[in-house]
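A.B. asks: Structure in structure tokens, see below.
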Amino acid sequence: MLLDFETLMNSCADEIYAYLVSRMGNRFDADDVFQSTFFKVRRFLPSFRGDSSPTTWVMRIAMNEASSFRQSKARELPLLIPGDALPQPGPDGTGYDPVQAETVQDVAAGMRHLPGDLRDVLYFYYYKEMPYEKIAQLIGKPVGTVKSRLFRAKEELKAFMEAHRDHRTH
Amino acid sequence: MTIEHIDDELDQLLRTHYHTAVDGVTVPEHLLHQALTATEPQRGRSARWTPVLVFALAGASFLIILASSRVVEVLLSL
């Protein structure tokens, strides 16, 4: 399969970058990993055999790069959710739930405590709305592993939020 | 509150979280340009020389120790 690097990059750059921003929790690290991902894509493109779709192939490289980046030089910066990006009140003051806005911030904080493999399945399941089978194919694990990772991720998030809620009420 | 209800609430919160954090995120132009034109990431280039530097430093240290022990030996024999 003959693929042009620039065409491939333009076709999936935004998708990969969005994943990396979510995965790394901040844009500084996402920028670094984005660069190293596409460096590898360029390097290994001639050996791409077309076993999967090009975007899936690039996503797998991005996932590997994100994992090794975390392991080698993790920077614990807060997940960047600017205040104005949170649910805001409408012009008439309705449609805003301060409790929900606070809880969304708690989810973001809890997400930082999750290992990368759990964050990945949450992202693909809840944001990309992929079925279990497709996630399994993407991460190269059985469907059962995807389900157990989802379960573990949610349990850990629940525990974190529960502890956070208790801390706030006391 | 039932377990199902807590699960539903968390599902909803996760979706809201992702839409808040990721929706509309696009690659900055400068980053796209850098990735298109870059030949090798900066940290990769410096990382490539690290083993060579470590080896050279270890060799230099060995020679210094060897030379000093020889100097001590000569001084003692005087």
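Heads up: the sequence lines are chains A and B, in that order.
When you line the first sequence up against my numbering, it's residues 133 to 302, in that order.
When you line the second sequence up against my numbering, it's residues 376 to 453, in that order.
Note that the Cβ used here is the ideal one computed from N, Cα and C, for glycine as well.
State the Cα-Cα distance for the pair L441/B and P426/B, rounded to the nearest angstrom.
C.D. replies: Taking the straight line joining both Cα atoms gives about 23 Å.
A.B. asks: Does H245/A pass the burial test, meaning 16 or more other C-beta atoms within 10 Å, or should it be called exposed?
C.D. replies: H245/A is exposed by the Cβ-count criterion.
A.B. asks: Would you say H392/B lies against chain A (beta-carbon separation less than 7 Å)?
C.D. replies: So yes, H392/B belongs to the interface.
A.B. asks: Helix, strand or coil: which one does DSSP assign to R159/A?
C.D. replies: R159/A falls in the helix class under three-state DSSP.
A.B. asks: Which class does L211/A belong to by DSSP, given the choice of helix, strand or coil?
C.D. replies: Because L211/A carries a pLDDT of 49, less than 50, the predicted location of this residue cannot be relied on, and the following value inherits that uncertainty. L211/A: coil per DSSP, three-state reduction.
A.B. asks: Give the secondary structure of R201/A by DSSP, where H, G and I count as helix, E and B as strand, and everything else as coil.
C.D. replies: Per the sequence shown, residue 201/A should be read as Phe rather than Arg. If DSSP states are grouped into helix, strand and coil, F201/A belongs with the helices.
A.B. asks: Any idea what DSSP makes of V400/B, helix, strand or coil?
C.D. replies: In the structure shown, V400/B sits in coil (DSSP, three-state: anything other than H, G, I, E or B).
A.B. asks: Check whether the Cβ atoms of V275/A and Y257/A sit closer than 7 Å, and answer yes or no.
C.D. replies: Contact: no.
A.B. asks: Relative to the C-alpha of Q389/B, which residue among K273/A, T277/A, I271/A and E261/A is closest?
C.D. replies: Here residue 389/B is Leu; the residue named in the question, Gln, does not match the sequence. Here the closest residue by C-alpha is E261/A.
A.B. asks: Identify each residue in the segment 163-180 of chain A for which the Cβ-Cβ distance to at least one residue of chain B is less than 7 Å, and report them in chain order.
C.D. replies: Answer set for the segment 163-180 of chain A: D163, F166, Q167, S168, F170 and F171.
A.B. asks: Is V400/B closer than 7 Å to V153/A when the C-beta atoms are compared?
C.D. replies: Yes.
A.B. asks: What's the gap between the Cα of L407/B and the Cα of G182/A?
C.D. replies: Going from the Cα of L407/B to the Cα of G182/A covers about 24 Å.
A.B. asks: Does T412/B pass the burial test, meaning 16 or more other C-beta atoms within 10 Å, or should it be called exposed?
C.D. replies: T412/B should be labelled exposed.
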